[in-house]
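Using the working numbering, you'd call the opening residue of the sequence shown number 1 and step up by one each time. We put the beta carbon where it would ideally sit given N, CA and C, even for glycine.
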Amino acid sequence: MGETALCTIAKKTDNGIKPENMHDIPGTTWKIPPKQAEDLNIPDLFILPQYSDVKDNPHDFSLAHSIIAKNQNPFTGKTLMQRHPKTVIVQNPPSLPLKTHEMDQIYDLPYQREKHPSYKEEIPALIPVRFSVISHRGCYGNCNFCALSMHQGSIIQSRSRESILLEIASFQKMSGFSGIVSDVGGPSANMYMDFCPNWEKKGVCTDKECTRCPSLKTGIYGYLDLLDEAEKLPGVKHVYIGSGLRYDLIPTDQDFLKKISRHISGQMKVAPEHITRTVTKTMNKPAGEVFDQFRKAFEKSQEGRRSRQYLVPYLMSGHPGCTIADMISLAEYLRDKGLYTEQVQDFTPTPLTTSTCMYATGLNPSTGKPVHVPKGREKKIQRAILHWRNSAHYSLVLEGLTIAGRKDLIGNKAGCLISARKIGEIRAKRKKNQNP
Numbered sequence: 001m002g003e004t005a006l007c008t009i010a011k012k013t014d015n016g017i018k019p020e021n022m023h024d025i026p027g028t029t030w031k032i033p034p035k036q037a038e039d040l041n042i043p044d045l046f047i048l049p050q051y052s053d054v055k056d057n058p059h060d061f062s063l064a065h066s067i068i069a070k071n072q073n074p075f076t077g078k079t080l081m082q083r084h085p086k087t088v089i090v091q092n093p094p095s096l097p098l099k100t101h102e103m104d105q106i107y108d109l110p111y112q113r114e115k116h117p118s119y120k121e122e123i124p125a126l127i128p129v130r131f132s133v134i135s136h137r138g139c140y141g142n143c144n145f146c147a148l149s150m151h152q153g154s155i156i157q158s159r160s161r162e163s164i165l166l167e168i169a170s171f172q173k174m175s176g177f178s179g180i181v182s183d184v185g186g187p188s189a190n191m192y193m194d195f196c197p198n199w200e201k202k203g204v205c206t207d208k209e210c211t212r213c214p215s216l217k218t219g220i221y222g223y224l225d226l227l228d229e230a231e232k233l234p235g236v237k238h239v240y241i242g243s244g245l246r247y248d249l250i251p252t253d254q255d256f257l258k259k260i261s262r263h264i265s266g267q268m269k270v271a272p273e274h275i276t277r278t279v280t281k282t283m284n285k286p287a288g289e290v291f292d293q294f295r296k297a298f299e300k301s302q303e304g305r306r307s308r309q310y311l312v313p314y315l316m317s318g319h320p321g322c323t324i325a326d327m328i329s330l331a332e333y334l335r336d337k338g339l340y341t342e343q344v345q346d347f348t349p350t351p352l353t354t355s356t357c358m359y360a361t362g363l364n365p366s367t368g369k370p371v372h373v374p375k376g377r378e379k380k381i382q383r384a385i386l387h388w389r390n391s392a393h394y395s396l397v398l399e400g401l402t403i404a405g406r407k408d409l410i411g412n413k414a415g416c417l418i419s420a421r422k423i424g425e426i427r428a429k430r431k432k433n434q435n436p
C-alpha cells in the first residue's frame, strides 16, 4: 500500500535529497538520535509512552496501542514519536487514500500473472489466484483481531468498472485460462464501491461503526451488476466470488440472495468467528443473532435448488475474552444448526491489532478492564472442542467438558458431543503407562 510514498521517495532522491532527510512523507517512519528529539518542531506531535515503559507495563502498552489506533486516520492522524534506548522513532500520519483513477493506474500495469523466471518448480499457491481480480482496498469492519485497517486503511478505495472489465477481458489471451474467473474481490468482497461522504473530508468516524451507519452508501448492487457484465465478455464462462463476504452487509431478501448465489461456487464463505455475545463483543464482530438471521435467510434461499450451496463459517478459537464454556456454546450451536466445519483458526497475535494488545497485556484497551486470555493447554482444548467429531481430539474435548462442568455432553444419547465409551479406554491406557 506504499505506492504514493515510494514515488515520492524516488522523486526526492532524483532531486538529490538523502533518505535521512526525508521526514515529511505521509505513510513513512523515520528515526533520529535522542539528542535531536528536543529540537523537533512538528505541529500536533503526540508523544507515546517510551519503549521501556511499554515493554514492562501493561497499562502503558495498552495506552500506546490506543493512541496509535486512533491516529490511523489519514485526515486527522497526528505525527507520533516514541523514545527508545538508543534512538527516537517518529511515525508520520498515513498516506491519503487513493482515488479511483490512481487505483486504475496501478492495476492497469502489465502484470505477468506468472511465477518469477527464477523459479523452476511449480508454485501451487499461484494456481487458485492466477485468474482472480482485486476490485478494491480497505475494510471498515474493524475486527479487533485483523490488521487490515492498519495497512490498507478503513476507507474503501475502489477501481473503476472499466478497469476491472479490461483486466478480465485480457485473460482470454493468456495460456491456461479456462473461462473461469476465480474471484473479483478484496478484503471483504461486498464492500466494493461502498462510500461515505465523510470519508473525503475527515476520514472514518472514530465514535461509531461504519457497518451500522445510515450515512454509508452501499455498492453491493453495482458489484453484482459488474459480475454479471463480466460473464458476458468473450471467453468468460463464470465469474465467482472467492473472497470472504461480510454477511451483515448482505441484504437478506430472497431475490438478492438468489442473485448473489449465481456467483458462488458451491460454498458461501462468511466469518461470524463466534456466536456468544461476550466473545463477539471482544472481537468487535456482529452479535450471534445477526449471523443466525442471515443463516436462516440463506437456508431458505436454497429451498427447491437442484444443486444446493453451503454456508461455510470461518470460526476462531482461543481469542482473548473467550473461555472453554464459550467454545462449548459455539460447538452446541454448530451441532444444532448442522454447521460443523473444518475452517477453525486458533487465534494468533498479529502486530498492531487490538486483540494482540489484549493478548499481551490482559487488558481491554477500550475499557481498561482485565480480560481473560487463553494460553497454553487451554488454547489446545478450545480448538479441539470445535473438532469434537474427530476422535484424535477426544481426550482434549473430554478434559474441556470436565473443566466446564458439562459432563451432560458426554454420553451416547442424542445431543452429546462425545461418547462415554472411550473414557474407560483412556483410563486403561493411562494406568498402563503409569505401570509398565
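Asked: Complete beta strand (DSSP E) runs within the segment 36-93 (minimum length 3 residues, chain order); Found: 80-83, 88-91
Asked: Nearest residue (CA-CA) to Met150, options Tyr359, Pro187, Val54; Found: Pro187
Asked: Contacting residues, own chain, Cβ-Cβ under 6 Å from His84 (five flanking each side not counted); Found: Tyr51
Asked: Neighbourhood of His451 by C-beta distance below 8 Å, restricted to the same chain and skipping five residues each side; Found: This structure gives no information on residue 451, because the portion of the chain shown stretches from 1 to 436.
Asked: Between the CA atoms of Thr354 and Ile156 - distance to the nearest angstrom; Found: 21 Å
Asked: Three-state secondary structure assigned by DSSP to Ile328; Found: helix
Asked: Range of the contiguous beta strand (DSSP E) that encloses Tyr240; Found: Where Tyr240 is concerned, there is no enclosing beta strand (DSSP E), given that its DSSP letter is neither H nor E.
Asked: Same chain only: Cβ atoms within 6 Å of Leu494, ignoring 5 sequence neighbours per side; Found: As displayed, the chain neither begins before 1 nor continues past 436, which places residue 494 out of reach and without an answer.
Asked: Three-state secondary structure assigned by DSSP to Lys259; Found: helix
Asked: Among Cys213, Tyr107, Gly27, Tyr240, nearest to Gln267 - alpha-carbon criterion; Found: Tyr240
Asked: Contact under 8 Å by Cβ, Ile89 with Lys31; Found: yes
Asked: Nearest-angstrom beta carbon gap, Leu80 and Gln91 [assumed within contact, 8 Å]; Found: 4 Å
Asked: Proximity below 8 Å, CB of Asp183 to CB of Val236; Found: no
Asked: Contact set for Leu98: own chain, Cβ-Cβ below 6 Å, skip 5 residues either direction; Found: Gln157
Asked: Same chain only: Cβ atoms within 7 Å of Leu437, ignoring 5 sequence neighbours per side; Found: Outside the displayed span of the chain (1 to 436) sits residue 437, for which this structure offers no information.
Asked: Beta-carbon gap between Ala271 and Gly244 smaller than 8 Å; Found: yes
Asked: C-beta atoms of Cys295 and Leu311 nearer than 8 Å; Found: Note that residue 295 corresponds to Arg in the displayed sequence, not to Cys. In contact: Arg295 and Leu311 (Cβ atoms closer than 8 Å).
Asked: Pairwise C-alpha distance: Tyr221 and Pro214; Found: 17 Å
Asked: Unbroken stretches of the beta strand (DSSP E), 3 residues or longer, contained in the segment 129-193; Found: 132-134, 183-185
Asked: Nearest-angstrom beta carbon gap, Ile418 and Leu396 [assumed within contact, 8 Å]; Found: So it is not a contact: roughly 10 Å between Cβ atoms.
Asked: Thr472, DSSP secondary structure in three states; Found: What the structure shows of the chain is the stretch from 1 to 436, and residue 472 is not part of that stretch, so it cannot be assessed.
Asked: Selection from Pro34, Cys139, Gly77, Thr76 that minimises the alpha carbon distance to Thr87; Found: Pro34
Asked: Proximity below 8 Å, CB of Tyr192 to CB of His136; Found: yes
Asked: Thr341 vs Pro313 beta-carbon contact at 8 Å; Found: yes
Asked: Nearest-angstrom Cβ-Cβ length linking Asp194 and Leu216, presumed shorter than 8 Å; Found: 6 Å
Asked: Local conformation of Met283 per DSSP, three classes; Found: helix
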